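A.B. asks: These protein sequence lines are chains R and Y, in that order.
Per our numbering, the first sequence runs over residues 14 to 223.
Per our numbering, the second sequence runs over residues 14 to 223.
For every residue, glycine included, the Cβ atom is placed at its ideal position computed from N, Cα and C.
Since the model is a prediction, treat every value here as computed from it, not as a measurement.
Protein chains: 2
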Amino acid sequence: MKLQIALDLVDTNTALKMVEKIQDIIDIVEIGTPMIVKEGMAPVKAMKEKFPQVTVLADVKIADGGAIESGYAVDAGADIVTVLAIASDQTIMGARDAAHKAGREIYVDMLSVPDVVARAKELDTMGVDYIGVHTASDVQGLGKTPYEELRQIAEVVKNAKIAAAGGINLGTIGKVKELGADVGIVGSALTSAPDLRQAVESYQAIIKGE
Amino acid sequence: MKLQIALDLVDTNTALKMVEKIQDIIDIVEIGTPMIVKEGMAPVKAMKEKFPQVTVLADVKIADGGAIESGYAVDAGADIVTVLAIASDQTIMGARDAAHKAGREIYVDMLSVPDVVARAKELDTMGVDYIGVHTASDVQGLGKTPYEELRQIAEVVKNAKIAAAGGINLGTIGKVKELGADVGIVGSALTSAPDLRQAVESYQAIIKGE
Numbered sequence: 014m015k016l017q018i019a020l021d022l023v024d025t026n027t028a029l030k031m032v033e034k035i036q037d038i039i040d041i042v043e044i045g046t047p048m049i050v051k052e053g054m055a056p057v058k059a060m061k062e063k064f065p066q067v068t069v070l071a072d073v074k075i076a077d078g079g080a081i082e083s084g085y086a087v088d089a090g091a092d093i094v095t096v097l098a099i100a101s102d103q104t105i106m107g108a109r110d111a112a113h114k115a116g117r118e119i120y121v122d123m124l125s126v127p128d129v130v131a132r133a134k135e136l137d138t139m140g141v142d143y144i145g146v147h148t149a150s151d152v153q154g155l156g157k158t159p160y161e162e163l164r165q166i167a168e169v170v171k172n173a174k175i176a177a178a179g180g181i182n183l184g185t186i187g188k189v190k191e192l193g194a195d196v197g198i199v200g201s202a203l204t205s206a207p208d209l210r211q212a213v214e215s216y217q218a219i220i221k222g223e
Numbered sequence: 014m015k016l017q018i019a020l021d022l023v024d025t026n027t028a029l030k031m032v033e034k035i036q037d038i039i040d041i042v043e044i045g046t047p048m049i050v051k052e053g054m055a056p057v058k059a060m061k062e063k064f065p066q067v068t069v070l071a072d073v074k075i076a077d078g079g080a081i082e083s084g085y086a087v088d089a090g091a092d093i094v095t096v097l098a099i100a101s102d103q104t105i106m107g108a109r110d111a112a113h114k115a116g117r118e119i120y121v122d123m124l125s126v127p128d129v130v131a132r133a134k135e136l137d138t139m140g141v142d143y144i145g146v147h148t149a150s151d152v153q154g155l156g157k158t159p160y161e162e163l164r165q166i167a168e169v170v171k172n173a174k175i176a177a178a179g180g181i182n183l184g185t186i187g188k189v190k191e192l193g194a195d196v197g198i199v200g201s202a203l204t205s206a207p208d209l210r211q212a213v214e215s216y217q218a219i220i221k222g223e
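Here you go:
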């Protein structure tokens, strides 16, 4: 399983400094939606320019204008671009095609999907690269977690890689791997760690079964 | 009914030049999602700085992190901020509160909502300022339009203002008004007009029944 760090509440310079410390031990660096809302594609571009060898995901959460917005992320250098599963199939396919034409990947975020099993089956026939379950940060306070949905989609997704996000921490990253995720996404549990490099090493040790 | 122009596929400078021509006759200027994906809040900030009297809507299409992302748009000067209706109630209320605390408004976009009547009723009890039906640009080619959904929500929304977007043009803006919209949103039909000012005047003449 790969480890993805979600950088949400930092500016571009802070994000670059954080990744500098972990660029050799992190698998995927996510430029989170709040960063994109604030700064657009600038942090994606800056991250790829400074760390071309790092895999960068642009969490655009495309809802419409799939080809156009995916194209912007691709032009900025994103290796992976996110689109919402609740978007129309046309939007998802447009985003997919814009990414694939440039040799990049598309990630479908299952945020707010009522029936994740049915939608995951549909998406899995559409040639998307990742299908990720996602407990919104705004509902984590209600005690919701992504683990049951991860278990459900692991049973039905045959082609795409699967991922999980939403409150994952050092105590649950092992469960995410056991449930079959190809990517485990960790946000504040990593970004708030006093020693970021040591924290990433702790997660990777669990993932690698050390 | 107010007329909103959606600026989607232009850069900040072009957007400023366009609004310069129509700032006294347009009701709401929308900084579209593609602009935000590319440039973040910079175009919102630039628009309000140059035209403080113009009402600016930031089409963030918030899906999570309601308070944070709405706060970013408010800080940039947005008068109205959009959140997706498919987002959790917690996200919508967080976005609403961040906007209202600053004396701004929240607009809920019904993109991809399966049952618009049921969701509009729920949203209307949540103190949001606008509820807008929206036919995604990516599905307009399939012949879909927002008019039937506008008619449906007009019957059930009692508190919020209602709006419609998605392929509206000079031939349909009259129908949007007749169906009871408080705001009619026009994108490419206006932005591709050879004479933007004359085009806005034509729409306003129909809206005002001249």
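1. Taking one C-beta from the stretch 30–47 of chain Y and one from the stretch 207–222 of chain Y each time, how about it: are there three or more such pairs within less than 8 angstroms?
2. So for K157 (chain R), helix, strand or coil by DSSP?
3. Is there a Cβ of chain R sitting closer than 7 angstroms to that of A224 (chain Y), yes or no?
4. Closer than 7 angstroms, CB to CB, is D151 (chain Y) near chain R or not?
5. Using a Cβ-Cβ cut-off of 7 angstroms (strictly less than) and excluding sequence neighbours within five positions of G140 (chain R), which residues of its own chain qualify?
6. So is E82 (chain Y) in contact with chain R if we call contact Cβ pairs under 7 angstroms?
7. Indicate whether at least one CB of chain Y lies closer than 7 angstroms to the CB of G79 (chain R).
8. What are the start and end residues of each continuous alpha helix (DSSP H) run of 4 or more residues lying completely inside the stretch 55–102 of chain R, in chain order?
9. At a CB-CB cut-off below 8 angstroms, which residues of chain R make contact with K51 (chain Y)?
10. Do you know offhand how far I93 (chain R)'s Cα is from M14 (chain R)'s?
11. What distance in whole Å lies between the Cβ atoms of T138 (chain Y) and T148 (chain Y), which are believed to be in contact at a cut-off of 8 angstroms?
12. Starting from the Cα of S83 (chain R), find the closest Cα among R:R117, R:K51, R:P65, R:I186 and give me that residue.
13. Could you tell me whether the Cβ atoms of D151 (chain R) and Q103 (chain Y) are closer together than 7 angstroms?
14. Is D122 (chain Y) near G145 (chain Y), with beta carbons less than 7 angstroms apart?
15. By the 8 angstroms beta-carbon criterion, what residues does the stretch 24–52 of chain Y contribute toward chain R?
16. Suppose the cutoff is 7 angstroms on Cβ atoms and the five residues either side in sequence are ignored; what does the same chain contact list for K58 (chain R) look like?
17. Would you check if the distance between the CB atom of M48 (chain R) and the CB atom of Y85 (chain R) is smaller than 7 angstroms?
18. Among R:Q217, R:V67, R:Y143, R:K61, which residue has its Cα nearest to the Cα of I166 (chain R)?
19. Which same chain residues, not among the five before or five after S125 (chain Y), have their C-beta less than 6 angstroms away from its C-beta?
20. So what does DSSP say about D128 (chain Y), is it helix, strand or coil?
21. Measure from the C-beta of S99 (chain Y) to each C-beta in chain R and report whether the shortest distance is under 7 angstroms.
22. Quick one: list the residues of chain Y neighbouring S201 (chain R), beta-carbon separation under 9 angstroms, in chain order.
23. Based on the DSSP secondary-structure assignment, which residues constitute the bridge partners of Q211 (chain Y)?
24. Enumerate in chain order the residues of its own chain whose CB-to-CB distance from K63 (chain R) is below 6 angstroms, with the five nearest sequence positions on each side excluded.
25. Would DSSP call G197 (chain R) helix, strand or coil?
26. Would DSSP call D142 (chain Y) helix, strand or coil?
27. Using a Cβ cut-off of 7 angstroms (strictly closer), state whether S125 (chain Y) contacts chain R.
28. Tell me the residue span of the beta strand (DSSP E) that contains K190 (chain Y).
C.D. replies: The structure says:
1. yes
2. coil
3. One cannot answer for residue 224 (chain Y) here, as it falls past the ends of chain Y, which runs 14 to 223.
4. yes
5. R109
6. yes
7. yes
8. 55–63, 79–89
9. G53, M54, Y85
10. 16 angstroms
11. Actually they are not in contact, since the Cβ atoms of T148 (chain Y) and T138 (chain Y) sit about 25 angstroms apart, beyond 8 angstroms.
12. R:R117
13. yes
14. yes
15. T46, P47, I49, V50, K51, E52
16. A89, G90
17. no
18. R:Y143
19. I99
20. coil
21. The amino acid occupying residue 99 (chain Y) in the given sequence is Ile; Ser does not appear at that position. At least one chain R Cβ lies under 7 angstroms of I99 (chain Y).
22. The contacting residues do not exist; S201 (chain R) stays about 11 angstroms from chain Y at best.
23. In DSSP, Q211 (chain Y) forms no bridge with anything.
24. L29
25. strand
26. coil
27. yes
28. Careful: K190 (chain Y) lies outside any beta strand (DSSP E), inside the alpha helix (DSSP H) at 186–191.
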